[in-house]
Ligand SMILES: Nc1ncnc2c1ncn2[C@@H]1O[C@H](COP(=O)(O)OP(=O)(O)OP(=O)(O)O)[C@@H](O)[C@H]1O
Ligand SMILES: Nc1ncnc2c1ncn2[C@@H]1O[C@H](COP(=O)(O)OP(=O)(O)OP(=O)(O)O)[C@@H](O)[C@H]1O
Ligand SMILES: [Mg+2]
Ligand SMILES: [Mg+2]
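Residue numbers (UniProt numbering), protein chains in the order written: chain A, 1 to 429; chain B, 1 to 429.
Encoded structure:
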């Protein structure tokens, strides 16, 4: 099922070859880099805030410290040839310092990463580059917000430009009063992003890997479904996407990676609109939840691919190994005991791949994921969702995928009242 | 390509469920268990002799100590629910002590493991069970050895019953004088194993996983080719094996696992004779070199499967994910710099999967392996062998698979003069 170019390309030993990688952040994305690093024999050092964090539990080499503590991040950089990220919350100033002092290669670099850190910077840059976005406005106060809402047609999506994840920092509003708390919190230079409420048929995600020298590899475009604004189900490849549209979207993702100078994995979250357009939602420059399927479903999983890109190695074949792979997230639910649930899911279906992150269960928290691959999409989906229910401990384990699992027309983010917690960026994925 | 039984089997939380596993030995087999343990969130503790051993380099939890030091192995057992092995060199008395004191579940147990530790015990037991073996003799002195050689037809294979690996402890002899050193070393109760020199068409390997409750899963039978008595190439599934013969061999492996009470992975090394019979060569009760293909090529890799069996979890689907998967070992050669070689191999072929063990290079030492999967066997083989040559640094990297790589009629072990090194069981695989 793979079709690599098999012509031998003799390559001399690269003296600039990266021999060790530091990962800022100890969440599940850092954790899932570890198996890939072991197989490639590429030493990883994880900067985590506690020994109990997801990646720190299984890392052979952990530094304790915060992602926003310059001394901690610099100490990591000093130990490694290249620095990469579990999440996008490392302050720009810290990265600038490391880049200026050439302590280690920052991959992706600060100039690229800012577009995954700040949604206003991202919207502005993509718009100037001519990449398709929803209509958007930058607002600084209630009057500007009301004007934007009116321009958007009476309802709009407001986003805090920085620090959001899993829908924290995203809210549907009809009047500025619906975001009065965020407006009150704006500092002197602060602004909010307002977007039209996109009438989407479904959400897609396009992942590409890019090396420092510009070589890139594009994964099949996938369909992702969020539940309560959290990624819940991913189908690879996206059903019903014709080859031409697929290549167009892969081209868009490659162009963004090239335009912004991304190194490593880039995920482009997209809306497919009811009227057939494709718009960029946001960017992530790291392995992404919508790419977890590739660990089991592609010749080269996204975690291995990210490390290969960051280490300036040749990129691997991103081809799928089966006609369909479905990933379903494990979001904390009724059961505290994931091990027992996982045992039940594996007992029920020998083909399900269970990935647990070593995190304690809290309602809605991402604690793992499952994948199932096969020839028949509906069968594969049903099996993946059943496994999810068995592990999470929901009562309806024997039933069909629940109603939130399918592609839905016009799914919109639910208003969130819980404030974002900038001290817990570890849920990023 | 998977065909699991998808009927849901509700399973209650198992109070006896294994929640942590200790691995005796810090070689590459222990190392490759770690990624699987991370994904299953099953804590592993590795007993290694040095921080620099293959598994110790990447393990988050390492105890330092020797496999033949009762205190060290008991300390490991006390920390874990179940004990398993990187190699088969742990003395029986140590295992008996742990079993008697119920410090932890020993999997496989001592009574099973002895058949992988002592080739005379294995031959005797398999013969009594009626499983097919080469003709064999137990000899205690030169006169008995000469008699056995004569009975075998003038040439025979002599084996030290314990401590052998990678052909150390295996020698072709024509007279007792050819093994005079081994005879001189025999203690009062000592004996050597003599076998007829089997005229084999090729070597096969059958792997099964078995749980404590007897549930088992059989992998496709593979073909393995040794070079200088070390496993070099594995083709999965074995070419030209008809379905009936495959099931017969899988049945043999399952029967041996059941008869001996194996828990975990069992590899049955086999000869397919020129006259069409299948004979057991030897047994390994752990992940085995002939199963490395499954990490990339099967729904459930052998390391994950071993942990699932040892932890009393449901076994995973052993089905292959591609028509052919070829594994080639990386045996230390000209180049010290595996990272550069691996970079070149990945540059030449995006579909090759490289696994490095973090070991320093010594001639002939197993330092890693590669796999390639695909539809066309000759293409897949050529790609895997080219990758091997690029990594190992052999000059003929652009050529075809070398002459030792193909199935050969009558391949026999080369006489070995290097004495076995019982203090370095870490090469076991
Ligand atoms: N302009 C929009 N129109 C309609 N729906 C939107 C819009 N923007 C966001 N959404 C919905 O809200 C979800 C979360 O938005 P977004 O991806 O910007 O937030 P986030 O908190 O950064 O999420 P992530 O966890 O992906 O980082 C989207 O996946 C989509 O379902
Ligand atoms: N009776 C025999 N007749 C012919 N060849 C044999 C015989 N026994 C062993 N060999 C050859 O020698 C190789 C090594 O033998 P064996 O597997 O018993 O040794 P080992 O040192 O335990 O190897 P391993 O590394 O598999 O543990 C076999 O793979 C086979 O090629
Ligand atoms: Mg998003
Ligand atoms: Mg052998």
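Ideal Cβ placement from N, Cα and C applies to all residues, glycine included.
Bear in mind the structure is a predicted one, so any value in this text is a computation, not a measurement.
Sequence-distant residues of its chain with Cβ nearer than 6 Å to residue i (five each side left out)
i, result
"residue 19/A", "81"
"residue 195/B", "134, 136 and 157"
"residue 17/A", "none"
"residue 358/A", "54 and 57"
"residue 400/B", "Interpretation of residue 400/B is limited by its pLDDT of 42, a score under 50 that renders its predicted location unreliable; the figure taken from the coordinates is listed afterwards. The answer is none, since no qualifying residue turns up."
"residue 291/B", "207 and 302"
heavy atom of ligand 2 below 6 Å from residue i C-beta
i, result
"residue 195/B", "yes"
"residue 357/B", "no"
"residue 219/A", "no"
"residue 134/B", "yes"
"residue 139/B", "no"
"residue 274/B", "no"
Collapsed DSSP secondary structure at residue i in the structure displayed
i, result
"residue 18/B", "coil"
"residue 173/A", "strand"
"residue 280/B", "strand"
"residue 380/B", "helix"
"residue 54/B", "coil"
"residue 406/B", "Confidence in residue 406/B is poor, its pLDDT being 35 and thus under 50, which makes the residue's placement too unreliable to answer from."
"residue 313/B", "coil"
"residue 33/B", "helix"
"residue 361/A", "coil"
"residue 95/B", "helix"
"residue 73/B", "helix"
"residue 286/B", "coil"
"residue 347/A", "helix"
"residue 216/B", "strand"
"residue 196/B", "strand"
"residue 125/B", "helix"
"residue 27/A", "coil"
"residue 210/A", "strand"
"residue 138/A", "strand"
Rounded distance between the beta-carbons of residue j and residue i, thought under 8 Å
i, j, result
"residue 309/B", "residue 374/B", "In fact, because the Cβ distance is near 29 Å, the residues do not count as touching under 8 Å."
"residue 259/B", "residue 129/B", "5 Å"
"residue 272/B", "residue 191/B", "Actually they are not in contact, since the Cβ atoms of residue 272/B and residue 191/B sit about 28 Å apart, beyond 8 Å."
"residue 312/A", "residue 257/A", "Incorrect: roughly 15 Å between the Cβ atoms, too far for contact."
"residue 349/B", "residue 382/B", "Not a contact, Cβ separation roughly 10 Å."
"residue 40/A", "residue 307/A", "6 Å"
"residue 21/B", "residue 42/B", "6 Å"
"residue 222/A", "residue 238/A", "5 Å"
Closer than 6 Å: residue i CB and nearest ligand 3 heavy atom
i, result
"residue 282/A", "yes"
"residue 269/A", "yes"
Residue i beta carbon near ligand 5 (any heavy atom closer than 6 Å)
i, result
"residue 114/A", "Among the ligands modelled here, namely ligand 1, ligand 2, ligand 3 and ligand 4, ligand 5 does not occur."
Beta bridge counterpart(s) of residue i as assigned by DSSP
i, result
"residue 118/A", "162/A"
"residue 225/B", "233/B"
"residue 168/B", "165/B"
"residue 203/A", "224/A and 271/A"
"residue 303/A", "For residue 303/A, which the question treats as bridged, DSSP gives no partner whatsoever."
"residue 371/B", "327/B and 353/B"
"residue 62/A", "46/A"
Same chain, Cβ closer than 7 Å to residue i, five either side skipped, listed in chain order
i, result
"residue 102/B", "none"
"residue 296/B", "325, 353, 371 and 373"
"residue 91/B", "68"
Cβ-heavy atom distance, residue i to ligand 1, below 6 Å
i, result
"residue 228/A", "no"
"residue 287/A", "no"
"residue 166/A", "yes"
"residue 24/A", "no"
"residue 222/A", "no"
"residue 170/A", "yes"
"residue 278/A", "no"
"residue 173/A", "no"
"residue 262/B", "no"
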